[in-house]
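Here's the structure we're looking at; comments come further down.
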Amino acid sequence: AALASLSDIEYLRGNVAKIIAERERLFNKLKELEWLKPYPSSANFILCSLHCHSERSEESLAKEIWRLLQKRGIFVRYFDSPRLRSYLRISVGKPEDTDALIEALKGMC
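Take 1 as the starting number for the sequence shown in the UniProt record's numbering and just add one per residue.
Below you can see the structure in the form of structure tokens.
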């Protein structure tokens with residue numbers, strides 16, 4: 001399938017354009033959440049730091065949000081390493097995935 005897609009350059013370019021457009025939409029939606037800071041990306045994911053005004057540390061907050069999202073069937077990446085514990089990595093998906101993620105995040109923090 002990968003080799004076949006490489007032979008259809010127009011199809012491949014169309015998919016790349018869709019991913020880029022959805023990444024931009026995801027980035028802009030994430031920026032609307034005051035407690036979350038997305039970093040600009042050229043990849044198929046966006047790294048976000050958490051800055052919630054709560055008694056909890058940002059590290060434990062990132063892990064808790066990761067767990068809550070998992071329970072809703074929304075999968076993001078949490079890194080249990082010292083420099084990344086207060087970050088989540090969010091992959092670019094379909095528009096409906098972005099919508100579900102944003103709705104879930106609105107009720108957190």
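For each residue, glycine too, the CB sits at the ideal point set by N, CA and C.
Inset, instruction - Name the two residues that bound the continuous alpha helix (DSSP H) containing L12. - result: Your numbering for residue 12 matches position 12 in the sequence shown. 9-31 is the span of the alpha helix (DSSP H), which, as asked, contains L12.
Legend entry - 8 Å CB neighbourhood of F45 in its chain, flanking five on each side removed: Residue numbering aside, residue 45 sits at position 45 when the sequence shown is read from its first letter. Excluding positions up to five away in sequence, the list reads R77, R89, I90, S91, V92.
Legend entry - Buried versus exposed, by CB contacts within 10 Å (16 or more), I65: Counted from its first residue, the sequence shown places residue 65 at position 65. Looking at its Cβ environment, which holds 16 or more other Cβ atoms inside 10 Å, I65 is buried.
Inset, instruction - Classify P82 as helix, strand or coil using the three-state DSSP reduction. - result: Counting from one through the sequence shown, the residue named residue 82 turns up at place 82. Residue state, collapsed to three classes: coil.
Legend entry - Which of helix, strand or coil DSSP assigns to residue 114: Residue coverage of the chain in this structure runs from 1 to 109, which leaves residue 114 outside it and unanswerable.
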